[in-house]
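Accompanying notes for the structure given below.
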Amino acid sequence: MSRPQQALHALGRSRFVDDIPAPSGALHAAVSCSPHPHAGVRGLDTAAALAVEGVVGVLTARDIPGANAIGIVVGDEPLLAEDSVHYAGQPLALVLARNPEQARRGAAAIRLDAEPLPVMADPRRAREEGRLFAPARTFGCGDVEAAWSRCAHVVGGRVACGGQEQLYLETQSSLAIPRDDGSLLIHSSTQNPSGVQAAISRVLGVPMHQVEVDVGRVGGGFGGKESQASAWATLAALGARLSGQAVKLVLRRGEDMRMTGKRHPYQADFRIGLDPEGRILAYEVDFIQNAGAYTDLSLAVLERSLFHANGSYRIPNLRATGWSCRTNLPPFTAMRGFGAPQAAFVIEAAIRRAAGQSGIPAEQIQRLSLLDEDDHFHYGMAAERCQARRCWDQAHQDFGVERWRADVDGYNAAHPLSKKGLALTPICFGISFTHLPLNQGSALVHGYLDGSIGFSTGAVEMGQGVTAKLCRVAAASLGVPLERIRAETTNTTRVANGSASAASVTADLNGKALAKACGALRERLLQVAAEQLSAPVEGLSLKAGRVARAGRPTELSWEALVQSAYERRISLSAQAHYSTPGLEFDTTRQAGHPFAYHVYGTAVTEVRLDCLRGTYRIGPVRILHDAGASLHPEIDRGQVEGAVVQGIGWITSEELIYDAEGRLLTDALATYKIPDGPSSPEIEVRFLSDAAEPAGLLNAKAVGEPPFLYGVGAYTALLDAIGAFRPERDSALDAPLTPERVLMALVG
Amino acid sequence: MIHCLLNDEEVCTEAGQTDLTLTWLREQRGLTGTKYGCGDGGCGACAVLLGHRDPRGAIRYRVVDSCLLPLGALREAHLVTIEGLSQTCAGEQDALGPIQAALVEEGAVQCGFCTPGLVVALTAYLLNGRLDCDEEVLEAVDGNLCRCTGYMGIKRAVRRIRRELVGLPNEPVARRDALIAQRVLPPWFAGAAQRLAALPASAPRPEHACIIAGGTDLFGRPDPGLERHPIWLLERDASLSGVTLEQGRCRIGAGTTIEELLESDALASALPHVQGFLSQVSATPIRDRATLGGNLVNASPIADLCICLLALDAEVTLAGPSGERALPLADLYLGYKRLAMAEDEMITAVAFPLQPGLIRFNFEKVAHRKTLDIAAVNSAMRLDLEGSTIQRAILSAGGVGPTPRRLSATSDWLTGRLVDAETVGEAARLAMAEATPIDDVHGSATYKRTLLGRLVQAHFLALAPNADELRIDGDTP
């Protein structure tokens, strides 16, 4: 199929926000931010900034005409700080200048007169002091206390995993253009156009219909441009509104890394109990989430950790409790997986520790406890069309895991200073926004008189290939070739109140809305065809650009049909709305049916460890993934490959290091290490066959986030390799397993 | 005034020498296909081709990061951006060249932000690469990060390109013409050398100019004070580049780029495995700009080349107003970023002694990644043996003190010892005791000290003829 987006990228012709030519007279903005992680603000001296050549204005909280609040869930986060600052990097003022350099010089000249206050960086201490964004929340099933005594092995421990910078290659960017009637057009690199629109409306004190947000494409989001694109778009809008000029605000890499939120670091205490064979009978886990300075999406992220506390396992007695702890770091936010990776990490670490102490192989514990059909999750929902064991068994068979394990053992016996490790990682991920109202989407389709079709939905294209999937949906529904279909930009004026492109459900929600809209248009057109052909409508369909009767093409072409419909004054446009059926969740019982379906899969990960230097090589990674009846296998393969490498980065090389004051030290690509090509593994992806999912889009399953969890396999495989070198070592090591952590573990 | 060829156009600009090419391309020339990703050479989204005429008149193109490229480096050069490479199929809207088609069709393009840089890097690879050798396919794009694809699509694309373009001639002009015929390059590449030769010559070096070589570290964090000095960028000064072996010494011009060292047959013949060591230095777009002299005067305590040359007992030639002087490299570093050279001196060359037969030399570097990364600790060792007795050992290490260091106490202790397990263990212990690392983003002091001990063991494993008898078992010394 033609993939015009990708071709434009390869030609260097695609425009991201910073590539859109700004109107003449456009101003450039830079943000002055707090150097203090926690302080009372005595004053903000902007005079020096105004004296910088090219600077035309400085805006502070006092200039905000509406509400100084951008929090997406709770309005606790100011756009610009007022009386106090709560993290280093918190925006204080916006400087407008003729060019970006002048704006940056101006921002650097602003002086904050502040009284430093005690800094809280440790979430455990924050929990002790009750600095929580909400009371602790517990999910569970069975009776954990009663179960311990029935367990043959009970193992406890403590483990931590780090945060993760989304590191979209396009930094946060926005361009705000004022129009003659006072309304604004905003180009924003956001995953959440309606969220940006709402934030701007609130901060400027203008109705939402005066704010049009348009998103052509986003250069990577991974959750970092969901809630956290709003601040930058809103600042640009504020500048445009008050100056009357277009304002462009594009963050530099260091600014973006220091000022925006990342995946939440977690600490966890766990206890796991096994029966004599190794089945998990009981599991108790406390998630201590470092949430940063403001609520942002932290409570929803924590909720998903609680949902996914069981990993891919049936655990009859489970209790998971989460604390969202307020610290003086930039508010942590969404990132691919949204709390599930942390939960998966903890249970896999717990299984390794239990394996080490009980002598039961980890693989046996995993296999015996895998979810089966009709098993119940601890939140009450049954596992329907459960593919966990099918994926595991087929991975075992297709990838020859038994022989692979024997090869690894043979290698280890022959190499005193080099050890291989092997790990299986079954995954399970629930599909739907856990915030019920977000599970809706809408679409608008226009047929034009020449037979071409344009559609709009709330889906943002950020590389995940949603556009190509949606084009397939429209083409299949209207029976026209893909070339006749154009996906329009995502625009709040054409499609209102859209949900963020997030939670892996973008194709599901928008695709189903689009299928409904196209279906309505199709039914209308087939009525016209029935009249034209003097045939009953029941036998008619649209196929390969023609009307078909009993499956055979007729002389009536799509173009002639469209023309005929127009002449009969039949609407060639359709709008439709979709909401996911069957979702409910009772937050008093913490039980219900929160997900449309679950995605499953199993990864087999090998690592090779250099036991002298503590360095390692990850791979190959072989994955048996459940994509339902994939709508677009090439795109889905790319999503799986990309997600697993991001997951490996999170669990191995990506390390956020802060100084004692909570300032990020790893604020550049020179110090924050995402995987590069040579360090990334060979990956083989196979899709589970016969896995059609009726609740998915055209029987396909969502694919964006679940495969991120496979990355945990790099951690468990490294533990396996470390164990081959130092069998006596028994510890659930903290992540990321950087070469430093690995070497220090090898030293013992 | 800087005259250059930008894609298919002669261009003259009055912008400043140290203005960054990326900003100029995007803001002054409207060429937005070249992307800003990080501003410090860490991602390759801003990659461009920079071509200079070689002594025979053909143009040699290199992939460089335009975010670190001062405009002054463009004088008499051919700068090619993604827009230029996309002219291969002028007139055919959206028609893709073979590199672009491979990337698109093999699933190497997701969000697309890194894609133009990948196309540029792969073009450089096809222009310069040894396509017949069995190297890791991703070395072709070792300076390009992608956050979306996990690199598998890129690997498939590179493998396909190698397959499709097998049998390209090695001679540069013939290679260029073949790539034009294959629609990898637009036809105007054929006339570029002539047009470059016809550009007005640039002004000579100003008096008292601040001389900058490479600048791959400097321009990541440009010093506003730079604008106050007259600047002279050392670009391809023949008198300052190249490797020569003479009178028992290997002499390297300070202006030689790291990539040129990697390609040097002379250096490879003097120092076994040197290519393996040098390929661990950053990544191609940085090695194409960074120079040996720049690496030494930048005085990073972790500079890879510096660590190698310390163990090779190198000395530097310093040229100043009163002539030249030689200084042992080990004496160049007085403290953190403090050098034993005067403001008006510059390093013109580095030389190290050869010996008849094999030099036993090893370099070790440990970082989070094998490429495009900074070491936590790096270390080099030269070992001269008589049988299994150490005649002389020189051990150096970076990341374990304020300067690149020669670990003299350990080196001296090793002289006259037998290479055996005990010696190796004691050497590792001594090196760890001699090291004075600090906690920083590259690792804790404890880690760096431990790692240094391990790297000393690794040196012996690599260099000792009886390595398998050393019974190194990974126990910490």
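Protein chains in written order, with UniProt numbering: chain L, 1 to 748; chain V, 1 to 477.
Just so you know, even glycine gets a beta-carbon here, dropped at the ideal spot from N, CA and C.
{"Check": "Own chain, CB closer than 7 Å to L/Q387, minus 5 neighbours either side, in chain order", "Outcome": "Y600, D626, L688, A691"}
{"Check": "The segment 129-158 of chain V: positions lying closer than 8 Å to chain L by Cβ", "Outcome": "E136, L138, E139, V141, D142, N144, L145, C146, R147, C148, T149, G150, Y151, M152, G153, I154, K155"}
{"Check": "Sequence-distant residues of its chain with Cβ nearer than 8 Å to L/C391 (five each side left out)", "Outcome": "P426, Y600, G601, T602, L624, H625, D626, L688"}
{"Check": "Beta-carbon proximity list for L/Q527, same chain, < 7 Å, skipping 5 on both sides", "Outcome": "V537"}
{"Check": "Chain-order list of residues whose beta-carbon lies under 8 Å from that of L/A246 (same chain, five-residue window excluded)", "Outcome": "A22, P23, G25, A26, L27, L175, A176, I177, P178, A240"}
{"Check": "Identity of the residue in L/E212, L/D214, L/P193 nearest L/K225 by Cα", "Outcome": "L/P193"}
{"Check": "Cα-Cα separation between L/H36 and L/V119, rounded to whole angstroms", "Outcome": "9 Å"}
{"Check": "Three or more C-beta pairs below 8 Å linking the segment 705-712 of chain L and the segment 636-652 of chain L", "Outcome": "yes"}
{"Check": "Rounded distance between the beta-carbons of V/L118 and V/V141, thought under 8 Å", "Outcome": "6 Å"}
{"Check": "Beta-carbon proximity list for V/I438, same chain, < 6 Å, skipping 5 on both sides", "Outcome": "A445"}
{"Check": "L/A334 to V/A178 span [Cα, whole Å]", "Outcome": "49 Å"}
{"Check": "Coil, strand or helix - V/L383 by DSSP", "Outcome": "strand"}
{"Check": "Exposed unless 16 or more other CB atoms sit within 10 angstroms - verdict on L/M1", "Outcome": "Model confidence at L/M1 stands at a pLDDT of 36, short of 50, so the residue's coordinates are unreliable; what they give is reported in the following sentence. By the 10 Å Cβ count, L/M1 comes out exposed."}
{"Check": "CB of V/H78 within 7 Å of CB of V/L196, strictly", "Outcome": "yes"}
{"Check": "Distance CB(L/V685)-CB(L/R637) smaller than 7 Å", "Outcome": "yes"}
{"Check": "Ordered list of beta strand (DSSP E) runs contained in the segment 339-393 of chain V, each at least 3 residues", "Outcome": "346-353, 360-366, 377-386"}
{"Check": "Short Cβ contact (7 Å threshold) for V/R236 with V/T244", "Outcome": "no"}
{"Check": "Within the segment 293-381 of chain L, ranges of the alpha helix (DSSP H) (whole runs, at least 4 residues)", "Outcome": "298-307, 340-358, 362-369"}
{"Check": "Distance, L/A721 Cα to L/M744 Cα", "Outcome": "14 Å"}
{"Check": "Whole-angstrom distance between L/S564 and V/L31, CA atom to CA atom", "Outcome": "46 Å"}
{"Check": "Candidates L/S173, L/T506, L/P135, of which the one nearest L/S468 by Cα", "Outcome": "The sequence shown places Ala at residue 468 of chain L, rather than the Ser named in the question. Residue L/T506 is the option with its Cα nearest to L/A468."}
{"Check": "Through-space distance from V/P353 to L/A229, alpha-carbon basis", "Outcome": "58 Å"}
{"Check": "Residues of the segment 714-743 of chain L with Cβ closer than 8 Å to any Cβ of chain V, in chain order", "Outcome": "F725, T738, P739, E740, L743"}
{"Check": "Residues within the segment 636-647 of chain L neighbouring chain V, beta-carbon criterion of under 9 Å", "Outcome": "R637, G638, Q639, V640, E641, G642, A643, V644, V645, Q646"}
{"Check": "Distance CB(L/A136)-CB(L/T321) smaller than 7 Å", "Outcome": "yes"}
{"Check": "Alpha-carbon to alpha-carbon, V/A201 and V/A376", "Outcome": "44 Å"}
{"Check": "Range of the contiguous alpha helix (DSSP H) that encloses V/Y447", "Outcome": "445-463"}
{"Check": "7 Å Cβ cutoff met for V/A193 and V/G42", "Outcome": "no"}
{"Check": "Start-to-end residues for the alpha helix (DSSP H) that takes in V/I99", "Outcome": "98-105"}
{"Check": "Nearest residue (CA-CA) to L/T616, options L/S501, L/G205, L/S680", "Outcome": "Checking the displayed sequence, the identity of residue 616 of chain L turns out to be Tyr instead of Thr. L/Y616 has its Cα closest to that of L/S680, out of L/S501, L/G205, L/S680."}
{"Check": "Runs of alpha helix (DSSP H) wholly within the segment 60-97 of chain L (minimum 4 residues, chain order)", "Outcome": "none"}
{"Check": "Endpoints, beta strand (DSSP E) assigned at V/G65", "Outcome": "Note that residue 65 of chain V corresponds to Asp in the displayed sequence, not to Gly. Element bounds for V/D65: 59-65."}
{"Check": "V/L20 in three-state terms, based on DSSP", "Outcome": "strand"}
{"Check": "C-alpha distance - V/L430 paired with V/V424, whole-angstrom precision", "Outcome": "10 Å"}
{"Check": "Top-ranked residue by Cα proximity to V/L461, from V/H368, V/F361, V/S396, V/R406", "Outcome": "V/F361"}
{"Check": "Buried or exposed (CB count within 10 angstroms, at least 16 for buried), L/S571", "Outcome": "exposed"}
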